[in-house]
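Take the sequence shown: its letter number 45 is residue 45 in full-length UniProt numbering, and every next letter is one higher. Backbone N, C-alpha and C fix where the C-beta goes; we use that ideal spot for every residue, glycine too. These notes concern the structure reproduced below.
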Amino acid sequence: MLFLVRMDVNLPVDMPAEEAASIKATEKAYSQELQKDGRWASIWRVVGEYANYSVFDVESNDELHELLSNLPLFPYMDIDVIPLAKHPSSIK
Numbered sequence: 001m002l003f004l005v006r007m008d009v010n011l012p013v014d015m016p017a018e019e020a021a022s023i024k025a026t027e028k029a030y031s032q033e034l035q036k037d038g039r040w041a042s043i044w045r046v047v048g049e050y051a052n053y054s055v056f057d058v059e060s061n062d063e064l065h066e067l068l069s070n071l072p073l074f075p076y077m078d079i080d081v082i083p084l085a086k087h088p089s090s091i092k
């Protein structure tokens, strides 16, 4: 199942820089593992924002929920999920 996910990150302005850096490093490692195993199919930065659009390829809604809720930045994110279906005009 494919999902388009927008993630907007809103770190507290008073979060210590060292804590933010640690969370971001852990997040990067986690996301790259998911990319390597194919479940995080692609990730795109939104220009000028601390946000991204990502495509996930997972077996179920529950699996996507688990992956997203395990993101270290999850407590600081606003997330929108859009399920995707193949378009009848697609040649791929």
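My guess is that residue 54 and residue 40 are in contact by the Cβ rule of under 8 Å, so how many angstroms apart are they, rounded? With a Cβ gap of about 6 Å, residue 54 and residue 40 count as contacting.
Which of helix, strand or coil does DSSP assign to residue 53? Residue 53 falls in the strand class under three-state DSSP.
Does the Cβ-Cβ distance between residue 9 and residue 76 come in under 7 Å? Contact flag set, yes.
Can you tell which of 34, 46, 57, 66 has the C-alpha that lies nearest to the C-alpha of residue 7? The shortest Cα separation from residue 7 among 34, 46, 57, 66 belongs to 46.
Residue closest to residue 28, alpha-carbon to alpha-carbon, out of 72, 83, 79, 62: Check the Cα spacing between residue 28 and each of 72, 83, 79, 62: the tightest is with 72.
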